[in-house]
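Below: one structure, written as structure tokens.
Put into structure tokens, the structure is as follows:
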């Protein structure tokens, strides 16, 4: 605590008299006389590390002046203390952190770059600042240089035995990077944050470990080739391969988003699920399993037609799925489905909706089927499966045709989705659709009612897409246990 207060005092001195809002634009680096106050902070970090048990820290290699970015693996919050002690670098951190009284002042003084992961505008500003910092390293005048940037390219903590896929932020601009291997040598207590999920347990267990050994290895600077400059993914993967080799770690095929979904499942562990998920690639502990049905975020995005599905939405969907699975077997049966969706299990509507999600006809719904069903409800997705979904919703008796009465019944019932339409306008629209359906080949049935097959229904959608949207929006609105209609 004393060292934190000392660091705070020094940071306040370094930025005294500066307008905080204007300063956060980082138009210029701190002048040399202000930077003098920051040098002792690195030793405050070393004292803190010693106090919490890091007595022996072996350092191999050294930080290079040529590197614009440091890209270490990320296991625990201690990584940041170690890296600032050795490099006095800037970093990228959540914008919310700047609002905290103590942390915010320290971050501003260290010229930490803020980012809001859910905001495209914020990400664009962060990218601009990162380029400004990196480009300044080529200036011959040291006073005109911003600090080098520390980025944990995995985006989250993970076990040091595995390296997650690298985010591309540090590799987009094509500047030289220096990977850093942080290897914690332990016998009884693994300091990796993802394994020891509960904060209170982590801190207590950490304090009972008298001493930790840490080896910090600075790899040679990676100067990107022309091919790597034009392909940031290749650049990131090559650096990850070099780092994995030094760590002796396996290269996981999972991303930051997958780790967050895994953590969401851990948060639901109180229900004691034993479900299968990321263990297929040996990324997580055998004892901890979450039911994503083997899905990863990339696959989930593919299900949603390639749309950049927000992580928070998918995490919400996972939480709702776990809550719905009352018998904790990793699947939702018809009874659980009706209970959560507040549907009458005796109604045809409930059975049709359940059968739509149950795509393999197994009598249960897994997370993959739920995600696919929600994708088909999405207003962003326009494909043949979505049309079939709408067709099934209109076809209430399941005979393979949408009858005149079925079309009228659902369309009138859900006509509130036709914003600004009164009853006469809805009736006129229905009449126009039925006339069009007849022109497109719909035939009359035995009772004289017009019967619309799927092919004709598809032609109607091409002319009037709202025919499908009325049905889909109505059903999506009815699924109160999943995401709201605006989420997806």
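Numbering (mature numbering (1 follows the signal peptide of the UniProt record, and there is no 0)), first residue to last: -17 to -1, 1 to 471. Backbone N, C-alpha and C fix where the C-beta goes; we use that ideal spot for every residue, glycine too.
Same chain, Cβ closer than 7 Å to residue i, five either side skipped, listed in chain order
i: residue 144; result: 232, 233
i: residue 384; result: 378, 434, 435, 436
i: residue 3; result: 91
i: residue 105; result: 78, 98, 99
i: residue 316; result: 346, 347
CA-to-CA distance, residue j to residue i, given in whole angstroms
i: residue 479; j: residue 219; result: Coverage of the chain is limited to positions -17 through 471, which leaves residue 479 absent and any answer about it impossible.
i: residue 301; j: residue 333; result: 21 Å
i: residue 142; j: residue 328; result: 45 Å
i: residue 348; j: residue 166; result: 42 Å
i: residue 71; j: residue -13; result: 18 Å
i: residue 115; j: residue 413; result: 59 Å
i: residue 310; j: residue 42; result: 51 Å
i: residue 252; j: residue 48; result: Confidence at residue 252 is low in this model, with a pLDDT of 49, below 50, so its placement is unreliable and no value can be given for it.
i: residue 87; j: residue 38; result: 29 Å
i: residue 374; j: residue 338; result: 14 Å
i: residue 150; j: residue 305; result: 29 Å
i: residue 322; j: residue 308; result: 10 Å
i: residue 236; j: residue -9; result: 43 Å
i: residue 34; j: residue 23; result: 17 Å
i: residue 187; j: residue 217; result: 41 Å
i: residue 18; j: residue 139; result: 29 Å
i: residue 123; j: residue -1; result: 28 Å
i: residue 411; j: residue 318; result: 40 Å
i: residue 5; j: residue 345; result: 60 Å
i: residue 103; j: residue 192; result: 42 Å
i: residue 438; j: residue 429; result: 20 Å
i: residue 210; j: residue 224; result: 17 Å
i: residue 330; j: residue 382; result: 17 Å
i: residue 402; j: residue 14; result: Residue placement at residue 402 is poorly supported in this model, since its pLDDT is 41, which falls under 50; the coordinates still yield a value, given next. Approximately 59 Å between the Cα atoms of the pair.
Selected residue, minimal CA-CA separation from residue i, among the options
i: residue 135; options: 35, 59, 8; result: 59
i: residue -7; options: 172, 10, 25; result: 25
i: residue 64; options: 199, 118, 414; result: 199
i: residue 107; options: 332, 224, 152; result: 152
i: residue 130; options: 196, 169, 61, 112; result: 112
i: residue 424; options: 411, 440, 430, 414; result: 440
i: residue 226; options: 203, -11, 125; result: 203
i: residue 21; options: -5, 206, 42, 40; result: -5
i: residue 353; options: 299, 2, 374, 16; result: 299
i: residue 201; options: 46, 345, -17, 186; result: 46
i: residue 190; options: 171, 102, 208, 216; result: 171
i: residue 16; options: 125, 341, 121, 4; result: 125
i: residue 416; options: 388, 428, 430; result: 388
i: residue 206; options: 235, 34, 324, 156; result: 156
i: residue 212; options: 188, 160, -1, 187; result: 160
i: residue 303; options: 18, 324, 34; result: 324
i: residue 121; options: 411, 102, 50; result: 50
Beta-carbon proximity list for residue i, same chain, < 6 Å, skipping 5 on both sides
i: residue 74; result: 95, 133
i: residue 137; result: 57, 147
i: residue 68; result: 25, 28, 29
i: residue 97; result: 78, 81
i: residue 314; result: 347, 349
i: residue 312; result: none
i: residue 341; result: 348
Close Cβ partners of residue i (< 8 Å) along its chain, the five nearest in sequence each way excluded
i: residue 326; result: 320, 332, 333, 336, 461
i: residue 119; result: 12, 127, 128, 129
i: residue 32; result: 40, 61, 64, 65, 68
i: residue -17; result: none
i: residue 7; result: 81, 91, 97
C-beta atoms of residue i and residue j nearer than 8 Å
i: residue 66; j: residue 27; result: no
i: residue 36; j: residue 194; result: yes
i: residue 229; j: residue 164; result: yes
i: residue 12; j: residue 110; result: no
i: residue 99; j: residue 76; result: no
i: residue 386; j: residue 422; result: no
i: residue 162; j: residue 84; result: no
i: residue -3; j: residue 117; result: no
i: residue 158; j: residue 9; result: no
i: residue 443; j: residue 419; result: yes
i: residue -11; j: residue 89; result: yes
i: residue 168; j: residue 196; result: yes
i: residue 208; j: residue 154; result: no
Any non-hydrogen atom of the ligand FAD closer than 7 Å to residue i Cβ
i: residue 328; result: The ligand FAD is absent from the structure shown, which contains no ligand whatsoever.
Within the segment 71 to 143, note down every full alpha helix (DSSP H) run reaching 4 residues or more, in order along the chain. Whole alpha helix (DSSP H) segments, 4+ residues: 84 to 92, 103 to 119.
Which runs of the beta strand (DSSP E), 3 residues or longer, sit entirely within the segment 168 to 224? 196 to 201
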